[in-house]
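See below for the structure under consideration.
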Amino acid sequence: MALPQLLLCLSLSVLCISSKPTEKKDRVHHEPQLSDKVHDDAQNFDYDHDAFLGAEEAKTFDQLTPEESKERLGKIVGKIDEDKDGFVTVEELKAWIKFAQKRWIYEDVERQWQGHDLDGDGLISWEEYRNATYGYIL
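Residues -18 to -1, 1 to 120 (mature numbering (1 follows the signal peptide of the UniProt record, and there is no 0)) are what the sequence shown spells out, left to right.
Right, here's the structure in full:
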């Protein structure tokens, strides 16, 4: 009878010694990054362009001449200045950046939806989802 108890005790000891400690979890909620680009205020403005304009619009601005870019930015600033006082406040800028990011998300959702809605009826059946996601292998 002592042998099974000894084996049980030995097994539990080995299990406790070799078990992995629990991972320390971060309890802070981190905001998602506004862009995948490196954020360097002094050298790299791509991050700011992506955050301010949205990724797709930033690509368009990269193709413009400096004059066209200034003209379009002037129009955008007019949209950002919600109280039309001629100045953009920090709150107005934050609201614009959130708007630009949400617009990109909604456009991406629409693109993904169209990719899965194979018959174009506005609904995604299990068959359409399965075929768009896994192909015809299932």
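Just so you know, even glycine gets a beta-carbon here, dropped at the ideal spot from N, CA and C.
Assigned secondary structure, residue i (DSSP; H/G/I helix, E/B strand, else coil)
i	result
S(-8)	helix
F69	coil
T115	helix
Q(-14)	helix
Proximity below 8 Å, CB of residue i to CB of residue j
i	j	result
E74	I62	yes
E110	D101	yes
F43	R54	yes
A114	G97	yes
Below-8 Å beta-carbon distance, residue i vs any chain B residue
i	result
L(-13)	In the displayed structure, chain B is absent; only one protein chain is listed.
- Can we say the region 75 to 88 touches the region 32 to 52, given the rule of at least three CB pairs closer than 8 Å? Enough Cβ pairs lie closer than 8 Å, so yes.
Item to complete: List in chain order: all unbroken alpha helix (DSSP H) runs of 4+ residues lying wholly within the region 47 to 114.
Response: Segments of the alpha helix (DSSP H) lying fully in the region 47 to 114: 48 to 62 and 72 to 98.
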